[in-house]
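Chains as they are written, first to last, in our numbering: chain A, 1 to 159; chain B, 1001 to 1159.
The beta carbon of each residue, even a glycine, is placed where N, CA and C say it ideally should be.
From a predicted model like this one, the values you see are computed outputs, not experimental measurements.
So this is what it looks like as structure tokens:
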């Protein structure tokens, strides 16, 4: 019953708390809170990554890892799969969720668009942390063109 | 798979974050962080309470409500039931969890006992918030005699 929404409630509270007590509500302060949220997401993603079934650690192809995140990780956290995954086959992946659960409480459309980044930072960290545990360093950003559609861009630098 | 531990990971990060950035690490600062955590728990408890099946809102006896928290709410949040519930039949209830999940990561015994309060504040708030949604004002405190056993005391003032 309620357990499926527990994470979403807790996430909402974390965001509210960080913004309420932010010592500097200006652009710099917001940047700090976003970074704190991203860091929390990263460590939770790492911890979740360590809990993954052993066989997933044998992934050899980057694309397999990304597919795994879109399916299994997303279901574990959000009870749904990512809606699409695209790649340029050069280390850049775009993961699209057409109704991202953490954005759903906001009205659809454009009017709350500027509020969106604080509801995405934790999840960017979550993806980066899970990838890190699976042995892949990455840069993860998110963008929203119209609520509640969300695109996560994962860039994996070639070593 | 990983979804059952998501709440615990997130809770750990919240506690760590609040203590890391606490402007005053002394007794006063700790008190503020505890109060922040309790408040977050309260609002999550309220929100969970609103999600409860309609029939539970028809509870008439206080004891029924407390039993509901020990069983359904605890399973929803911690995937286990509370181990015992006692009452003096005068508005005081003691809910005991013999292996409270948020204390399990700490070693058993006495050595980390002073760290325990920060892992209990959120859950005290959670109980208070769920009770509030069910129409019962209460004061909830927690105590630990030996990890990971935890007692939550719910006092319901007679109006």
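Own chain residues within Cβ distance below 7 Å of residue i, not counting five before or after
| i | result |
| --- | --- |
| residue 1139 of chain B | 1155 |
| residue 39 of chain A | 125 |
| residue 71 of chain A | 81 |
| residue 1102 of chain B | 1008, 1011, 1119, 1123 |
| residue 1043 of chain B | 1129 |
| residue 75 of chain A | 81 |
| residue 158 of chain A | 91 |
| residue 1127 of chain B | 1045, 1069, 1140, 1152, 1154 |
| residue 5 of chain A | none |
Counterpart residues of residue i in DSSP-defined beta bridges
| i | result |
| --- | --- |
| residue 141 of chain A | A:153 |
Where the alpha helix (DSSP H) containing residue i begins and where it ends
| i | result |
| --- | --- |
| residue 121 of chain A | 121-133 |
Cutoff 6 Å; reference residue i; Cβ partners in own chain excluding five residues on either side
| i | result |
| --- | --- |
| residue 1087 of chain B | 1093 |
| residue 73 of chain A | 130 |
| residue 1098 of chain B | 1083, 1149 |
| residue 1031 of chain B | none |
| residue 1078 of chain B | 1101 |
| residue 96 of chain A | 83, 84, 151 |
Contacts that residue i makes with chain B (C-beta to C-beta distance below 8 Å)
| i | result |
| --- | --- |
| residue 9 of chain A | 1043, 1044, 1047, 1048 |
Partners in chain A for residue i, counting only beta-carbon separations shorter than 7 Å
| i | result |
| --- | --- |
| residue 1017 of chain B | 36, 40 |
| residue 1013 of chain B | 40, 43, 44 |
Same chain only: Cβ atoms within 8 Å of residue i, ignoring 5 sequence neighbours per side
| i | result |
| --- | --- |
| residue 1002 of chain B | Confidence in residue 1002 of chain B is poor, its pLDDT being 44 and thus under 50, which makes the residue's placement unreliable; the coordinate value appears in the next sentence. Counting only Cβ-Cβ distances below 8 Å, and skipping sequence neighbours, we find nothing. |
| residue 1107 of chain B | 1147 |
| residue 1037 of chain B | 1014, 1015, 1018, 1118, 1121, 1122, 1125 |
| residue 104 of chain A | 148 |
| residue 143 of chain A | 150, 151, 153 |
| residue 1136 of chain B | 1062, 1065, 1156 |
| residue 1115 of chain B | 1106 |
| residue 132 of chain A | 42, 45, 46, 49, 138 |
| residue 67 of chain A | 85 |
| residue 1112 of chain B | 1106, 1147 |
8 Å Cβ cutoff, residue i in contact with chain E
| i | result |
| --- | --- |
| residue 1140 of chain B | In the structure shown, chain E cannot be found, because the protein chains are A and B. |
Check: residue i C-beta below 7 Å from any heavy atom of the ligand PLP
| i | result |
| --- | --- |
| residue 1137 of chain B | The ligand PLP is not part of this structure, which contains no ligands at all. |
Which runs of the beta strand (DSSP E), 3 residues or longer, sit entirely within the stretch 1066-1108 of chain B? 1084-1087, 1092-1097
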